[in-house]
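Numbering (this note's numbering), first residue to last: 16 to 162.
No residue lacks a Cβ here, since even glycine has one placed at the ideal position from N, Cα and C.
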């Protein structure tokens, strides 16, 4: 495993509203410029076992991704694992939300893991993700506060 990255921000919305927004994985496209397409691939409301498929662009390369929700605890926790087999994958990631006065503290984290030649790429991807973690958290904040 290459390692983990995380970012934290405070969102001026109630924790239930932030959770509802993030629980709809199709909203990822609104704050993640790397997500070109995303769709829920399983039936029913979001919860443990829900899967999402996406097409993302990283470092000029387009890849297909599939994620499954592994934890779903309203309004405080959403976790996932990547099911797809790419050079660099996310074996675990998640959102942790907590009430902060009238707002919400949000922490996002992801682990990155390289496979095959991806073991050479993963440390570079991790460095970039760590460098951009604060900005990524801020994009989530701005999108939720604007909605």
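Can you give me the C-alpha to C-alpha distance between residue 95 and residue 43, rounded to a whole angstrom? Here residue 95 corresponds to residue number 80 of the chain shown, with the count starting at 1. Here residue 43 corresponds to residue number 28 of the chain shown, with the count starting at 1. Residue 95 and residue 43: Cα-Cα distance of roughly 13 Å.
Residue 43, DSSP secondary structure in three states: Within the chain shown, numbered from 1, the residue matching residue 43 stands at position 28. Correct three-state label for residue 43: helix.
Sequence-distant residues of its chain with Cβ nearer than 7 Å to residue 70 (five each side left out): Against the chain shown, residue 70 aligns to sequence position 55. The answer, listed in chain order, is 51, 52, 77 and 79.
For residue 27 and residue 131, I'd like the C-alpha separation in whole angstroms. Taking the first residue of the chain shown as 1, we reach residue 27 at position 12. Taking the first residue of the chain shown as 1, we reach residue 131 at position 116. So the two alpha carbons sit approximately 42 Å from each other.
Got a sec, what are the start and stop residues for the alpha helix (DSSP H) residue 140 sits in? For this step, residue 140 is matched to residue 125 along the chain shown. Residue 140 -> alpha helix (DSSP H) spans 133-161.
Identity of the residues DSSP links to residue 58 by a beta bridge: For the purposes of this step, residue 58 is taken as residue 43 along the chain shown, with counting starting at 1. DSSP output for residue 58 lists no bridge partner at all.
At what residue ranges does the region 93-132 contain a whole run of the beta strand (DSSP E), taking only runs of 3 or more? 108-115 and 118-129
I need the straight-line Cα distance from residue 66 to residue 100, nearest angstrom please. Working through the chain shown from its first residue, we reach residue 66 at position 51. Working through the chain shown from its first residue, we reach residue 100 at position 85. C-alpha separation (whole angstroms): 15 Å.
Boundaries (first-last residue) of the alpha helix (DSSP H) holding residue 33: Walking along the chain shown from the start, residue 33 turns up at place 18. Here the alpha helix (DSSP H) through residue 33 covers 30-38.
Can at least three beta-carbon pairs, one atom from the region 34-42 and one from the region 132-139, be found at a separation below 8 Å? no
Residue(s) in a DSSP beta bridge with residue 27: As a first step, residue 27 is located in the chain shown; it is residue number 12 there, counting from the start. Paired residue(s): none; residue 27 is not in a bridge.
Here's a check: name, in chain order, each residue in its chain whose Cβ is nearer than 6 Å to the Cβ of residue 156, leaving out the five neighbours to either side. In the chain shown, counting from the first residue as 1, residue 156 sits at position 141. Contacts found: 24 and 26.
Pair within 9 Å by beta-carbon distance, residue 103 and residue 83: To locate residue 103, count along the chain shown from 1; it is residue 88. To locate residue 83, count along the chain shown from 1; it is residue 68. Contact flag unset, no.
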